[in-house]
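Going by the working numbering, the first residue of the sequence shown is number 263, and it counts up by one from there. Working notes, beginning with the structure itself.
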Amino acid sequence: MRLQVTFTNKAGQPARLTSGFTLTEILVVMGVVAMAFLAGAFADFSNIGRGSIISEHAMLVSALHRVRSRSMNNINNISHGVHVGAGSYVLFEESYPSSADENIPRNDSIDIDTSETGEDIIFKQLSGNSSTTGIIKLNSGEKTVTITEAGLVEW
263 MRLQVTFTNK AGQPARLTSG FTLTEILVVM GVVAMAFLAG AFADFSNIGR GSIISEHAML
323 VSALHRVRSR SMNNINNISH GVHVGAGSYV LFEESYPSSA DENIPRNDSI DIDTSETGED
383 IIFKQLSGNS STTGIIKLNS GEKTVTITEA GLVEW
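Listed below in structure tokens is the structure:
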């Protein structure tokens with residue numbers, strides 16, 4: 263025995279199933295999702311550039327702190343310095359270039375202005391005093407690193 267159920271509307275005719283979404287509703291939702299996606303993509307791209315500058319700034323400060331520490335600890339009984347070159351920071355002993363150079367790659371897309379300090383920043387052994395003072399500017403002053411006569415690296 264088979265049971266067959268038929269739904270009817272008020273007029274007694276077979277009812278149509280009306281569950282689901284209309285084409286208009288689907289298009290509206292797709293448009294809202296697309297706008298949210300685009301807004302998020304533009305906000306994210308601006309953060310990538312800012313993150314690169316922050317990362318490069320931290321790399322430069324780290325290199326300066328490292329060579330100042332080596333000078334103050336009198337490693338190999340000589341002064342240590344950083345050469346800010348195209349494509350890398352070069353950590354060196356006494357003068358650039360030296361036999362004990364250590365290269366740290368840097369982001370060439372970020373402009374580094376060393377016009378006040380020069381490309382070579384040398385810290386004197388034991389005292390950690392700097393041979394040069396001034397401000398190093400990343401991307402036209404968006405981030406700066408100041409080197410004082412006492413060898414302090416302010417960021």
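Here a beta-carbon is modelled for each residue, glycine too, at the ideal position from N, C-alpha and C.
Judged by DSSP in its simplified three-state form, Glu404 adopts coil rather than helix or strand.
Taken through DSSP and simplified to helix, strand or coil, Thr270 comes out as strand. Where Gly343 is concerned, the enclosing beta strand (DSSP E) starts and stops at 342–347. Membership of Asp382 in the beta strand (DSSP E) is indicated by the continuous run 382–385. For Phe354, the uninterrupted beta strand (DSSP E) run begins and ends at 350–355, by DSSP. For the set Leu400, Ser402, Asn391, Lys405, the Cα lying nearest the Cα of Glu411 is the one of Asn391. Among the bridge pairs identified by DSSP, Glu416 is matched with Thr408. Per DSSP, the beta bridge partners of Glu364 are Leu353. In terms of Cβ geometry, Ile374 and Thr395 do not form a close pair [threshold 9 angstroms]. By the CB criterion at 9 angstroms, Phe385 and Ser333 fall inside the cutoff. A Cβ-Cβ distance of about 5 angstroms is found for the pair Glu318 and Asn369, placing them in contact under the 8 angstroms criterion. Within the same chain, Gln387, Leu388 come within 7 angstroms of Asn336 by CB-CB distance, once the 5 residues on both sides are set aside.
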